[in-house]
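In this note's numbering, the protein residues as written are 2 to 245.
By construction, the Cβ of each residue, glycine as well, lies at the ideal position given by its N, Cα and C atoms.
Please read these numbers as outputs of a predicted model, since none were measured by experiment.
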Ligand code: MN
């Protein structure tokens, strides 16, 4: 290689390197533009349980807890994400926010959001209100409000259990606070909830068969009797005192 050829060679290499760098910058800049134009979807994720699957034994068995959380609850989260795929403006809303005002959800996905945001919201509340240190009686202001509304705790338990046991097919039993500030026991079909009617839920029980069938088969009343032993009344008291 003489000197002239060497200089040409260096120049060519530099030009190629420069072109590569420009292409690289161009690609990066396109990526930045496309990132801002098409935001990454905000995905709903499965809320972890604050205890182990076997923590609620013998009242709720580990196998039921694991399937309930990793299969049933996970499926509602996945289907909610699928339903919101076309509607990025709705993706950052929580499941509770979504079911609290379904009129802002486009009609083509409204039923899917009702069922799956409902499934997510209800299960998060149900699971997080259980604790191996649960049971006993309501505490604080909620205890007084239950006595005032239902006579005493035993009368409330009896009425709540009867509502949960007699609810036809899949659904949920709730203790909630209405707009008038009064406590009420209600049941909802599917994954509907008090949030949909502007009421604040305080306590919730899943009466879908998947919540109890492995251990109790058709005996829903037995599963309700067992569930009282793992209710976190401190959690219920915090919900009762929270603004919403
Ligand atoms: Mn369930």
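About 6 angstroms separates the Cβ atoms of residue 234 and residue 137, confirming a contact at the 8 angstroms cut-off. Exposure of residue 245 is indicated by the presence of fewer than 16 other C-beta atoms within 10 angstroms of its C-beta. Taken atom to atom, the span from the alpha-carbon of residue 194 to that of residue 129 is near 16 angstroms. Measuring C-alpha to C-alpha distances from residue 109 to each of 85, 125, 201 identifies 85 as the nearest. For residue 193, the distance from the CB to the nearest heavy atom of ligand 1 is not below 7 angstroms. Just so you know, the alpha carbons of residue 132 and residue 232 end up roughly 6 angstroms apart.
Residues lining ligand 1 by the Cβ criterion, that is a Cβ closer than 6 angstroms to any of its heavy atoms, are 69, 73, 124, 207, 209, 211, 212 in chain order. Boundaries of the beta strand (DSSP E) around residue 204: 201–207.
Residue 184 places its beta carbon less than 8 angstroms from that of residue 147. If you look at residue 210, you'll find it isn't in any alpha helix (DSSP H); DSSP assigns it neither H nor E.
Per the Cβ contact rule, the segment 186–203 is in contact with the segment 167–175 (3 or more Cβ pairs under 8 angstroms). In the DSSP assignment, residue 140 forms no beta bridge with any residue. Between the C-alpha atoms of residue 115 and residue 122 there is a straight-line separation of about 10 angstroms.
Around the CB of residue 219, fewer than 16 other CB atoms lie within 10 Å, so the residue is classed as exposed.
Following the DSSP letters along the chain, one finds residue 68 inside the alpha helix (DSSP H) bounded by residues 63–68. In this structure, DSSP gives residue 190 an extended state, which the three-state scheme calls strand.
Contact between the segment 61–77 and the segment 210–219 is established, with three or more Cβ pairs separated by less than 8 angstroms.
The continuous stretches of alpha helix (DSSP H) do not include residue 175, which lies in the beta strand (DSSP E) extending over residues 172–178. Sorting 70, 56, 149, 188 by C-alpha distance to the C-alpha of residue 134 places 56 at the top. One thing to note: residue 126 has its Cβ within 8 angstroms of the Cβ of residue 205. Secondary structure of residue 125 (DSSP, three-state): helix.
Beta-carbon to beta-carbon, residue 210 and residue 141 are separated by about 34 angstroms, too far to satisfy the 8 angstroms threshold.
Residue 192 is a Cβ neighbour of residue 119, given a cutoff of 8 angstroms. Residue 114 sits in a helix when the DSSP states are folded into three classes. Under the three-state reduction of DSSP output, residue 94 falls in the coil class, being neither helix nor strand.
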